[in-house]
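Take a look at the structure set out below.
Chains as they are written, first to last, in the numbering used here: chain A, 249 to 463; chain B, 249 to 463.
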């Protein structure tokens with residue numbers, strides 16, 4: 249049976265779209281059980297509605313404080329009973345209630361090769377640092393910011409003349425292949441989200457998902 | 249005229265060998281003017297002697313303190329009038345006298361994707377951190393440890409089951425292609441060692457040198 253996942257977004261949902269397309273193409277054995285957002289205007293919600301996937305908006309401002317918001321978000325996500333929670337361009341830090349509700353079951357995609365360039369502007373920080381290689385990281389979400397165990401990474405070149413946006417676009421194209429690959433690896437059992445996480449097989453058929461060539 | 253370089257080593261000199269082979273194959277327009285070491289037993293000195301390249305040993309213990317050693321090393325390197333100083337597995341930190349004698353003209357190869365994992369054990373630290381991508385970096389040497397401007401980087405996968413030595417071996421194979429590539433880029437003028445350094449051309453013919461595929 250396909251793995252039910254909840255996808256959390258804040259913006260256009262390009263990573264959600266990549267997951268949906270991978271599922272529809274038979275490359276990702278998951279089912280998007282719900283899409284949740286902290287922003288009612290997140291364009292990605294439309295992608296879900298088009299497919300009659302349930303959506304929810306849980307706005308920080310609707311709650312007394314961050315803790316109350318975090319608890320409400322955990323409650324709403326849990327109502328869909330997902331086997332995996334995917335932060336796909338979700339721009340808020342999830343709190344202790346979320347992490348307690350889904351221990352080692354929340355993954356995030358970050359536009360840098362962690363541990364380099366955590367935080368809100370991985371591509372901008374990479375360009376400013378003058379690195380020649382950057383990439384993206386899918387990791388388990390823990391209490392820190394971009395500090396949880398790394399599940400998968402992929403590299404892209406930083407080309408002379410790249411600005412933040414040019415690099416970010418190149419990284420995102422890779423995210424759109426890496427993130428569905430990791431969801432599929434969890435769904436298929438190739439990747440166990442134990443603590444620490446464990447790849448059960450050396451990359452064979454999955455190698456292209458795990459180490460996609462930059463395009 | 250080929251760029252005269254001084255190569256500093258501490259061990260087997262595998263990166264020196266890669267440079268010599270690239271020169272002999274016509275892929276690197278440089279000439280090794282001298283090989284210097286802090287260890288009289290560095291096996292790489294033999295590679296130089298076989299080719300009748302001058303060698304020097306400048307041992308830290310032969311001097312009163314680090315400053316005197318650094319000044320002596322700078323004096324001995326300068327006697328060969330190199331256009332570029334290459335630290336190729338040189339396990340000592342060069343000091344202010346070296347940096348003042350060759351401003352922005354000393355490059356080092358480091359077995360990690362800086363700014364991740366500076367210091368003495370890049371491969372071991374990468375394995376311990378659980379990253380899935382690592383690599384190597386050629387950078388300009390400044391007063392810090394592995395902090396100078398980055399010139400080139402290349403990435404390798406970290407495979408499940410890799411230990412420090414397995415990863416280090418994979419990284420070194422890439423170093424042996426990246427470092428001669430950077431030396432050639434300096435020799436050909438494609439890379440200007442100004443402050444900050446500047447690639448004069450977007451990677452065209454040099455792309456394979458700058459972004460070699462892992463093997």
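For glycine and all other residues, C-beta sits at the position ideal for the given N, C-alpha and C. Here the structure is a predicted model, which means the values were calculated and not measured.
In whole angstroms, what is the alpha-carbon distance linking residue 281/B and residue 301/B?
Straight-line measurement puts the Cα of residue 301/B at about 7 angstroms from the Cα of residue 281/B.
Looking at residue 278/A: is its Cβ nearer than 7 angstroms to the Cβ of residue 253/A?
yes
CA-to-CA distance, residue 401/B to residue 336/B, given in whole angstroms
Distance between the alpha carbons of residue 336/B and residue 401/B is about 15 angstroms.
Could you work out which residues of chain B lie near residue 403/A, taking near to mean beta carbons separated by less than 7 angstroms?
381 and 403
Touch test, the stretch 408-425 of chain B against the stretch 261-274 of chain B, Cβ-Cβ under 8 angstroms, three pairs minimum
These segments touch.
Helix, strand or coil: how does DSSP classify residue 344/A here?
helix
If you check the beta carbons only, do residue 363/A and residue 370/A fall under 7 angstroms apart?
The Cβ atoms of residue 363/A and residue 370/A lie no closer than 7 angstroms to each other.
Three-state class that DSSP yields for residue 429/A in the structure shown:
helix
Going by Cα to Cα distance, which pick from 448/A, 436/A and 447/A is closest to residue 251/A?
Here the closest residue by C-alpha is 436/A.
Identify the continuous beta strand (DSSP E) that holds residue 324/B and give its terminal residues.
No beta strand (DSSP E) contains residue 324/B, which is instead part of the alpha helix (DSSP H) from 314-326.
Could you pull the start and end residues of the alpha helix (DSSP H) that residue 293/B belongs to?
292-298
Comparing the C-beta of residue 378/B with each C-beta of chain A, is any distance below 7 angstroms?
yes
Can you list the residues of chain A that residue 317/B reaches, using a CB-CB cut of under 9 angstroms?
Within chain A, no residue comes near residue 317/B; the closest Cβ sits about 31 angstroms away, beyond 9 angstroms.
Determine the contact status of residue 307/B and residue 332/B, defining contact as a CB-CB distance below 7 angstroms.
no
Measuring alpha carbon to alpha carbon, tell me which of 428/B, 433/B, 439/B and 440/B ends up nearest residue 273/B.
In terms of Cα proximity to residue 273/B, the closest of 428/B, 433/B, 439/B and 440/B is 428/B.
So for residue 371/B, helix, strand or coil by DSSP?
helix
In the stretch 398-429 of chain B, which residues sit with their C-beta less than 8 angstroms from some C-beta in chain A, listed in chain order?
398, 399, 400, 401, 402, 403, 405, 407, 408 and 409
Can at least three beta-carbon pairs, one atom from the stretch 372-389 of chain B and one from the stretch 386-405 of chain A, be found at a separation below 8 angstroms?
yes
Checking 7 angstroms against the spacing of the C-beta atoms, do residue 351/B and residue 393/B come in under that value?
The answer is no: Cβ separation not under 7 angstroms.
Say whether chain A places a C-beta atom closer than 7 angstroms to the C-beta of residue 256/B.
no
So which of 386/A, 303/A and 411/A has the shortest CA-CA distance to residue 327/A?
303/A
C-alpha distance - residue 433/B paired with residue 339/A, whole-angstrom precision:
Approximately 41 angstroms between the Cα atoms of the pair.
Where residue 351/A meets chain B, residues with beta-carbon distance less than 8 angstroms
Ordered by position in chain B, no residue passes the 8 angstroms Cβ test against residue 351/A, which lies about 18 angstroms from the chain.
Proximity of residue 334/A and residue 255/A at Cβ, strictly below 7 angstroms:
yes
Amino acids of chain B, ordered along the chain, whose beta-carbon sits closer than 9 angstroms to that of residue 441/A
None at all; the shortest Cβ gap to chain B is about 14 angstroms.
Roughly how many whole angstroms lie between the Cα atoms of residue 259/A and residue 321/A?
17 angstroms
Near residue 295/B, which residues of its chain fall below 7 angstroms by C-beta distance, leaving aside the five closest residues on each side in sequence?
Cβ within range, chain order: 261, 264, 265 and 268.
Among 431/A, 404/A and 408/A, which has the Cα closest to the Cα of residue 418/A?
404/A
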